[in-house]
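Q: Numbering (the numbering used here), first residue to last: 179 to 597.
(1) Alpha carbon to alpha carbon, how far is residue 303 from residue 348? Give it in angstroms, no decimals.
(2) By Cβ distance, which residues of its chain are closer than 8 Å to residue 597, with the 5 residues on each side in sequence left out?
(3) Take every Cβ of the stretch 363 to 370, pair it with every Cβ of the stretch 421 to 430, and state whether three or more of those distances are shorter than 8 Å.
(4) Please list the terminal residues of the continuous beta strand (DSSP E) segment that includes residue 241.
(5) Can you list the beta strand (DSSP E) stretches of 3 or more residues lying completely in the stretch 251 to 338, in chain order?
(6) Have a look at the DSSP bridge pairing and note the partners of residue 461.
(7) According to DSSP, what are the bridge partners of residue 359?
(8) Which residues does DSSP list as the beta-bridge partners of residue 454?
(9) Cβ of residue 487 versus every heavy atom of the ligand GDP: is any distance shorter than 8 Å?
(10) So, are the CB atoms of residue 452 and residue 392 less than 9 Å apart?
(11) With a CB to CB cut of under 6 Å and the five nearest residues on each side skipped, what residues in its chain are close to residue 529?
(12) Reducing DSSP to helix, strand and coil, say where residue 236 ends up.
(13) For residue 266, count the other beta carbons within 10 Å of its own beta carbon; 16 or more makes it buried, fewer makes it exposed. Which is it?
(14) Could you pull out every residue in the same chain whose Cβ sits closer than 6 Å to the Cβ of residue 298, ignoring the five residues on either side in sequence?
(15) Could you tell me the alpha carbon to alpha carbon distance between residue 533 and residue 585, rounded to whole angstroms?
(16) Does DSSP classify residue 207 as helix, strand or coil?
(17) So who's on the other strand from residue 448, going by DSSP bridges?
(18) Skipping 5 residues on each side, what residues in its chain have a beta carbon closer than 6 Å to that of residue 440?
(19) To the nearest angstrom, how far is it from the Cα of residue 277 to the Cα of residue 270?
(20) Excluding five sequence neighbours on each side, which residues of the same chain lie with their C-beta closer than 6 Å to the C-beta of residue 318?
(21) Mind the definition here: the stretch 313 to 332 touches the stretch 255 to 263 only if three or more C-beta pairs lie below 8 Å; say whether that holds.
(22) Against chain C, with Cβ distances strictly below 9 Å, would residue 203 count as a contact?
(23) I need the straight-line Cα distance from residue 330 to residue 252, nearest angstrom please.
(24) According to the neighbour-count rule (16 or more other Cβ atoms, all chains shown, within 10 Å of its Cβ), is residue 447 buried or exposed?
(25) Who are the Cβ neighbours of residue 521 in its own chain at under 7 Å, not counting the five residues just before and after it?
(26) By the 10 Å Cβ neighbour count, where 16 or more other Cβ atoms means buried, how is residue 234 classified, buried or exposed?
(27) Give the single residue among 566, 547 and 567 whose Cα lies nearest to the Cα of residue 374.
(28) Determine the direct distance from the alpha carbon of residue 580 to that of residue 378, and round the result to whole angstroms.
(29) Confirm, please, whether the CB-CB distance from residue 388 to residue 455 is below 9 Å.
Listed below in structure tokens is the structure:
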């Protein structure tokens, strides 16, 4: 019997003993959410917990990030575990005794703040895993990095943040992990189940910003100017033909969406310019570059045909989240042992993005999903992640702790051979 299987009963007992504490942590973080790069209270609670466990703790990484290192003192692999800490500018509409009442300013607007994506769960789960594994320290071989990351949802305009900045500031060095594991709670998946996908699992994301420059005129005299509103309307329609008519979507899915159009101040004035904001989602780098090129051509040539000019800018880019296939194949049996084979399945590709992808560009990574929709609730009726009605069945937290702890121990017991 290998070390991981020998420790399995201890893991199960320790996880069960920690469940109430993990739920209490989650509720506290849920009641006190913080936006990206502002997770000061959350980071303080995490750092205090890790220090109390006796870990080597680094704070202030990528603004508010916390990194704890568990060193067994014996040779073995270095494994990284990651949880994200930030909340969203969403006003909660769930009737809970620990519902968020927080308000703040975001992009110049007063907004509510809510853990509408479940990052409160991720923090609480990883704090529980850290406590569990510290209790097994004498039986471990190697080192474990606990990465509590800010700004997964994206840093505020004009700031750096998230996984990219953590990597830039050395989170994957001294010591360098061999692999990284991460999980995400997900609505629409029943509590008690786990989902994963080998290879591309979540999409890349690029923000599009388009400026259409016309010539202002009286609304009653459109021929005296160049109307950027009409041209923008044509551009929006033209962009939809890229995915529906120009890209081979049998290879990979793709999405091009315009989410905001801003232009004009009065009913009878045709404005000088219109700005549009949108997003591109792809699962393949070659397709991503091709779609970018087609967007530029579509925008610029439609504008030119009407006597206007237009500029296209791409920013806020996130790469595809790609689960390392050999690592995934090695770790899926662990998930099946923990949850039961019938409760583990290959999920669909998700057109949302995840900045866990940055870690996976540097080292092999495995990212999986924990169901949080209560049993018996139609998945179509469950509020999705990012909804003000997002709801978590807290029984999922124990499965999160168990699965992440067992993944760590199983990998530690049988890392891949060198070379």
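Where a beta carbon is used, it is the ideal one built from N, C-alpha and C, also for glycine.
A: Let me spell this out:
(1) In a straight line, the C-alpha of residue 348 is about 24 Å away from that of residue 303.
(2) Residue placement at residue 597 is poorly supported in this model, since its pLDDT is 48, which falls under 50; the coordinates still yield a value, given next. Hits under 8 Å: none found.
(3) The stretch 363 to 370 is not in contact with the stretch 421 to 430.
(4) Counting along the chain, residue 241 falls outside any beta strand (DSSP E), and DSSP gives it neither H nor E.
(5) The stretch 251 to 338 contains these whole beta strand (DSSP E) runs: 256 to 262, 281 to 284, 287 to 290 and 321 to 327.
(6) Bridge partners of residue 461: none, in fact.
(7) In the DSSP output, where bridge partners are listed per residue, residue 359 has 259 and 544.
(8) Note: residue 454 sits in a beta bridge opposite 388 and 439.
(9) Although the ligand GDP was asked about, the structure shown includes no ligands whatsoever.
(10) Result yes, Cβ atoms of residue 452 and residue 392 sit closer than 9 Å.
(11) Result list for residue 529: 381, 433 and 459, in chain order.
(12) DSSP places residue 236 in the strand class (E or B) of the three-state scheme.
(13) Its Cβ being crowded by 16 or more others within 10 Å, residue 266 is buried.
(14) Here the set comprises 204, 207 and 208.
(15) Answer to the nearest angstrom: the Cα atoms are 21 Å apart.
(16) Correct three-state label for residue 207: helix.
(17) DSSP output for residue 448 lists 395 as bridge partner(s).
(18) Beyond the five residues adjoining it in sequence on each side, residue 440 comes within less than 6 Å, by CB distance, of 453 in the same chain, given in chain order.
(19) If you take the alpha carbons of residue 277 and residue 270, they lie about 7 Å apart.
(20) Close CB contacts of residue 318 within its chain, under the 6 Å cut and outside five residues either way in sequence, are with 250 (chain order).
(21) Enough Cβ pairs lie closer than 8 Å, so yes.
(22) The structure shown contains no chain C, having only a single protein chain.
(23) Separation of residue 330 and residue 252 (C-alpha to C-alpha, rounded to the nearest whole angstrom) is 33 Å.
(24) Counting the other Cβ atoms within 10 Å of the Cβ of residue 447 gives fewer than 16, which makes it exposed.
(25) So the list reads 370, 371 and 372, once near-sequence residues are dropped.
(26) Around the Cβ of residue 234, a 10 Å sphere holds fewer than 16 other Cβ atoms; the residue is exposed.
(27) Out of 566, 547 and 567, the CA that lies nearest to the CA of residue 374 is found in 547.
(28) Using only the alpha carbons, I get a separation of about 25 Å.
(29) Yes.
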